[in-house]
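Visitor: Count the sequence shown with the working numbering and you get residues 89 to 618, in order.
What follows is a single structure, and I will ask about it in a moment.
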Amino acid sequence: MKVTHLMWLVQYALLTVVGRILCPVIRLIFSLIYRTSSKVVDPIDSPLCLMSAVELAKKIRSREITAEKVMQTYIERAKLVNRDCNFIVAERFDEALQEAQNVDRILDSRTKVQKYSPENAPFLGVPTSIKEAFALKGMPQTSGLVIVKDYKATEDAPVVRRLRQAGMIPYMVTNVSELCMWYESANRLNGRTCNPYDTARIVGGSSGGEGCAIASGAAVIGLGSDIGGSIRMPSFFNGIFGHKPSVGLVPNEDQFPLPTGKDMELLTTGPMCRYSTDLLPLLKVMSGPEAQLARLDEKVDIMKLKFFTMFDDGGSVLVSHVEPEIKQAQLRVVRYLRDTLGVQVEELKLSKVKYSFEMWAAKMALSGGTDFATYMANFDGRVNCLVELLKWLLGRSHHTLPAIGLGLTQGLTALTPHTNRKNVQILSKLDEELKHVLGSNGVLLYPTHPKVAPYHNEPIFYPFNFAYTGLFNALAYPVTQCPLGLNSEGLPLGIQIASTPMNDRCSIAVAVFLERVFGGWIPPGCDGKR
89 MKVTHLMWLV
99 QYALLTVVGR
109 ILCPVIRLIF
119 SLIYRTSSKV
129 VDPIDSPLCL
139 MSAVELAKKI
149 RSREITAEKV
159 MQTYIERAKL
169 VNRDCNFIVA
179 ERFDEALQEA
189 QNVDRILDSR
199 TKVQKYSPEN
209 APFLGVPTSI
219 KEAFALKGMP
229 QTSGLVIVKD
239 YKATEDAPVV
249 RRLRQAGMIP
259 YMVTNVSELC
269 MWYESANRLN
279 GRTCNPYDTA
289 RIVGGSSGGE
299 GCAIASGAAV
309 IGLGSDIGGS
319 IRMPSFFNGI
329 FGHKPSVGLV
339 PNEDQFPLPT
349 GKDMELLTTG
359 PMCRYSTDLL
369 PLLKVMSGPE
379 AQLARLDEKV
389 DIMKLKFFTM
399 FDDGGSVLVS
409 HVEPEIKQAQ
419 LRVVRYLRDT
429 LGVQVEELKL
439 SKVKYSFEMW
449 AAKMALSGGT
459 DFATYMANFD
469 GRVNCLVELL
479 KWLLGRSHHT
489 LPAIGLGLTQ
499 GLTALTPHTN
509 RKNVQILSKL
519 DEELKHVLGS
529 NGVLLYPTHP
539 KVAPYHNEPI
549 FYPFNFAYTG
559 LFNALAYPVT
569 QCPLGLNSEG
579 LPLGIQIAST
589 PMNDRCSIAV
599 AVFLERVFGG
609 WIPPGCDGKR
């Protein structure tokens, strides 16, 4: 056991050297590699692609625009952007257009159909993209795993059914990282997705295709899932809003892969969108009857909230330093709250936060869930990841390097049960501290990620940077990612707003407020202005 622990420490030390000392060299090399392939997607030219889902639904219902016109516009935009960004795994454009035409016929007939009422179908006629990990009838559901390349879903996942019942029309499924366990959306089956603000950069993972589609104007709203930041990182890298709900609020069923054991305690399903005003209505639809558990209809007065902030994790040896422009964006929020609103914002110093990765990894290791090599084999035995590494070096593997690496290292974590139990105890104490501080009306402002969107493949050198989001999966707290403009390179900035379980409405209310003040999503290619 001591030898294993020593190996783990050596691995950490090596990664720290690579991540910290060689960081400037790594960034320079990647910038040179991608210098000639970098571009921004074409600007959005239709006003329909600049409206919120709530606004589109109102205009469709009032007959100012037709559902068919909206759908056709989004399909055309998706086709255009996909040439540069590769976010579409599969489409159902013809079926979606027919469904939109049916909506128009119903509305034009002025026949009152209860299931299409504003109360039952608040998003009637609104297009929605779906993360490919979710079951959408007739569409692929592979999560980039080559051995299941021919699989198609035979029915809709429960959350997809709720979206349809609310009037939304799914028209495409979007790309993910292999088996949804890495923070770049690339796999051997569907390729790599590129960032609309700079195609040399990543879109995040695993809901990266969703983030790209929404940010680029090819989708207005989308469906994501999050076990370590898979909604919030893509939302951050693509400059949009994303919400990781409280555990148990939205059904997770019929995802592939679906975690087993207590891994499910870390997984949540939630909305991604360009406009904060869509967050709460979408969450209500996704939550269904469970919405009342989080009192989502209860109004929030942000002047009565307690605000807290942390500008970094306190100095983890495994995670990159938070980039200055990310800290500056967060500081602008804090100063506005303090100086303009007169709100007290207390800066927290929680020493346990620097063990975020260790706490997340320990909770995963002790969950009793299926190991990753078994997922890689689609439950038909286990993939020998050492053999796959050799095949990868020869260009013969059907798996990505991050997936192989996770398969190789996951076992090491499982071999340190004493350390894992200790880290879970630290997590429990941190949970007690935060719940005591935040209560039921407090929010914590915290970086979403220490770096703006890295270059493709660059995350391999910073594998633990997802700890900034993974912390809140381990704690099972609801969190909203809120965009805060662009940095000096034209890449999105943002911030996490965390609250305690079943207080989702608090973090969402703050996001809505910050959008009004700081502008929210900025379309790619528009020189920093909406």
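Even for Gly, the Cβ is constructed at its ideal location relative to N, Cα and C.
Would a C-beta distance cut-off of 8 Å place Pro-347 and Gly-457 closer than the cut-off?
Guide: Start at 1 with the first residue of the sequence shown, and residue 347 comes out as number 259. Start at 1 with the first residue of the sequence shown, and residue 457 comes out as number 369. It is a contact, given that the beta carbons lie within the stated cut-off.
Visitor: Taking the alpha-carbon positions, what's the Ala-541 to Gly-310 distance?
Guide: Residue 541 sits at position 453 when you count from the first residue of the sequence shown. Residue 310 sits at position 222 when you count from the first residue of the sequence shown. Cα to Cα, Ala-541 sits roughly 20 Å from Gly-310.
Visitor: To the nearest angstrom, report how far apart Ala-599 and Phe-399 are at their CA atoms.
Guide: The residue you call residue 599 lines up with position 511 of the sequence shown. The residue you call residue 399 lines up with position 311 of the sequence shown. Cα-Cα distance, rounded: 18 Å.
Visitor: Tell me the residue span of the beta strand (DSSP E) that contains Ser-119.
Guide: Within the sequence shown, residue 119 is the residue found at index 31, counting from 1. Note, Ser-119: premise wrong, no beta strand (DSSP E); alpha helix (DSSP H) at 111 to 121.
Visitor: Return the chain-ordered list of same chain residues with a C-beta closer than 6 Å to the C-beta of Glu-446, the five sequence neighbours on each side being excluded.
Guide: Taking the sequence shown and counting its residues from 1, one reaches residue 446 at position 358. Excluding sequence neighbours, Glu-446 sits near Asn-511.
Visitor: If I follow the unbroken alpha helix (DSSP H) through Phe-395, where does it start and stop?
Guide: Here residue 395 refers to the residue found at position 307 of the sequence shown. No alpha helix (DSSP H) holds Phe-395; the beta strand (DSSP E) holding it covers 394 to 397.
Visitor: Where does the unbroken beta strand (DSSP E) through Asp-314 begin, and where does it stop?
Guide: For the purposes of this step, residue 314 is taken as residue 226 along the sequence shown, with counting starting at 1. Its beta strand (DSSP E) spans residues 309 to 314.
Visitor: Count the other CB atoms within 10 Å of the CB of Gln-513; is the residue buried (16 or more) or exposed (fewer)?
Guide: Here residue 513 is taken as the residue at index 425 of the sequence shown, counted from 1. That one is exposed.
Visitor: Under 8 Å, with one C-beta from each stretch per pair, do the region 412 to 422 and the region 559 to 566 reach the 3-pair mark?
Guide: no
Visitor: Does the Cβ-Cβ distance between Gly-358 and Trp-448 come in under 8 Å?
Guide: On the sequence shown, residue 358 is found 270 positions in, with the first residue counted as 1. On the sequence shown, residue 448 is found 360 positions in, with the first residue counted as 1. Cβ distance not < 8 Å, so Gly-358 and Trp-448 don't count as in contact.
Visitor: Which value, in whole angstroms, describes the spacing of the CA atoms of Gln-189 and Thr-216?
Guide: Counting from one through the sequence shown, the residue named residue 189 turns up at place 101. Counting from one through the sequence shown, the residue named residue 216 turns up at place 128. Those two C-alpha atoms are separated by around 16 Å.
Visitor: For Ile-148, write down the residues that DSSP places opposite it in a beta bridge.
Guide: Sequence index remark: in the sequence shown, residue 148 carries index 60 (1-based). Per DSSP, none; premise fails for Ile-148.
Visitor: Look at Cys-173 and Pro-258 and say whether their C-beta atoms are less than 8 Å apart.
Guide: Sequence index remark: in the sequence shown, residue 173 carries index 85 (1-based). Sequence index remark: in the sequence shown, residue 258 carries index 170 (1-based). No, Cβ-Cβ distance for Cys-173 and Pro-258 is not below 8 Å.
Visitor: Helix, strand or coil: which one does DSSP assign to Met-360?
Guide: As a position in the sequence shown, residue 360 is number 272, starting the count at 1. Strand.
Visitor: In whole angstroms, give me the CA-to-CA distance for Arg-509 and Ala-450.
Guide: The residue given as residue 509 occupies position 421 in the sequence shown. The residue given as residue 450 occupies position 362 in the sequence shown. Looking at the two C-alpha atoms, the distance is approximately 7 Å.
Visitor: What would DSSP say about Lys-523, mapped onto helix, strand or coil?
Guide: As a first step, residue 523 must be located in the sequence shown, where it is residue number 435. Helix.
Visitor: What residue ranges within the region 193 to 274 form continuous beta strand (DSSP E) runs of no fewer than 3 residues, ordered along the chain?
Guide: 215 to 219 and 257 to 262
Visitor: Would you tell me roughly how many angstroms separate the C-alpha atoms of Val-177 and Ala-379, rounded to the nearest one?
Guide: Your numbering for residue 177 matches position 89 in the sequence shown. Your numbering for residue 379 matches position 291 in the sequence shown. Whole-angstrom Cα-Cα distance: 31 Å.
Visitor: With burial defined as no fewer than 16 other Cβ atoms inside 10 Å of the residue's Cβ, what is the status of Pro-135: buried or exposed?
Guide: As a working mapping, residue 135 is identified with position 47 in the sequence shown. Exposed, by the Cβ-count rule.
Visitor: In whole angstroms, what is the alpha-carbon distance linking Glu-520 and Gly-527?
Guide: The residue given as residue 520 occupies position 432 in the sequence shown. The residue given as residue 527 occupies position 439 in the sequence shown. Taking the straight line joining both Cα atoms gives about 10 Å.
Visitor: With distances taken from CA atoms, which of Gly-279, Gly-317, Asp-314 and Gly-330 is nearest Ala-303?
Guide: Here residue 303 is taken as the residue at index 215 of the sequence shown, counted from 1. The option with the nearest alpha carbon to Ala-303 is Gly-330.
Visitor: On the CB-based measure, 16 or more other CB atoms within 10 Å of its CB, does Arg-69 come out buried or exposed?
Guide: Residue numbering for the chain in the displayed model covers 89 to 618; residue 69 lies beyond these limits and cannot be assessed.
Visitor: Would you call His-544 buried or exposed, if buried means 16 or more other Cβ atoms sit within 10 Å of its Cβ?
Guide: Working through the sequence shown from its first residue, we reach residue 544 at position 456. Counting Cβ neighbours within 10 Å, His-544 comes out buried, since at least 16 surround it.
Visitor: Are the beta-carbon atoms of Pro-210 and Val-433 separated by less than 8 Å?
Guide: Within the sequence shown, the letter at position 122 stands for residue 210. Within the sequence shown, the letter at position 345 stands for residue 433. Not in contact: Pro-210 and Val-433 (Cβ atoms no closer than 8 Å).
Visitor: DSSP state of Met-89, grouped into three classes?
Guide: As a position in the sequence shown, residue 89 is number 1, starting the count at 1. Note that Met-89 scores a pLDDT of 43, beneath 50, so its modelled location is shaky; the value from the coordinates is reported in the next line. The DSSP-derived three-state label of Met-89 is coil.
Visitor: Which residues mark the beginning and the end of the alpha helix (DSSP H) in which Gln-584 is found?
Guide: As a position in the sequence shown, residue 584 is number 496, starting the count at 1. Not the alpha helix (DSSP H): Gln-584 falls in the beta strand (DSSP E), residues 580 to 586.
Visitor: Taking C-alpha atoms, which residue in Ser-364, Gly-336 and Pro-345 lies nearest to Ser-375?
Guide: Here residue 375 refers to the residue found at position 287 of the sequence shown. The residue with the shortest Cα to Cα distance from Ser-375 is Gly-336.
Visitor: Report the three-state DSSP secondary structure of Phe-606 (helix, strand or coil).
Guide: Here residue 606 refers to the residue found at position 518 of the sequence shown. Three-state result, Phe-606: helix.
Visitor: Report the three-state DSSP secondary structure of Cys-614 (helix, strand or coil).
Guide: Counted from its first residue, the sequence shown places residue 614 at position 526. Here Cys-614 sits in coil by DSSP.
Visitor: Closest by CA to Arg-484, which one among Lys-440, Glu-476 and Ala-491?
Guide: If you number the sequence shown from 1, residue 484 lands on position 396. Here the closest residue by C-alpha is Glu-476.
Visitor: Taking Cβ positions, are Val-291 and Pro-322 nearer each other than 8 Å?
Guide: Counted from its first residue, the sequence shown places residue 291 at position 203. Counted from its first residue, the sequence shown places residue 322 at position 234. Yes.
Visitor: Could you tell me the alpha carbon to alpha carbon distance between Phe-606 and Leu-579, rounded to whole angstroms?
Guide: As a first step, residue 606 is located in the sequence shown; it is residue number 518 there, counting from the start. As a first step, residue 579 is located in the sequence shown; it is residue number 491 there, counting from the start. Distance between the alpha carbons of Phe-606 and Leu-579 is about 15 Å.
Visitor: Going by other Cβ atoms of all chains shown within 10 Å of its Cβ, with 16 needed for buried, is His-487 buried or exposed?
Guide: Here residue 487 corresponds to residue number 399 of the sequence shown, with the count starting at 1. His-487 is buried by the Cβ-count criterion.
Visitor: Under the assumption that Asp-351 contacts Ala-223 (Cβ atoms under 8 Å), give the Cβ distance between them as a whole number of angstroms.
Guide: Start at 1 with the first residue of the sequence shown, and residue 351 comes out as number 263. Start at 1 with the first residue of the sequence shown, and residue 223 comes out as number 135. Rounded to the nearest angstrom, the Cβ distance from Asp-351 to Ala-223 is 19 Å, too far for a contact under 8 Å.
Visitor: Got a sec, what are the start and stop residues for the beta strand (DSSP E) Gly-573 sits in?
Guide: Taking the first residue of the sequence shown as 1, we reach residue 573 at position 485. 567 to 574 is the extent of the beta strand (DSSP E) around Gly-573.
Visitor: What's the gap between the Cα of Gly-608 and the Cα of Thr-262?
Guide: Stepping through the sequence shown from its first residue, residue 608 is reached at position 520. Stepping through the sequence shown from its first residue, residue 262 is reached at position 174. When rounded, the distance between both Cα atoms is 23 Å.
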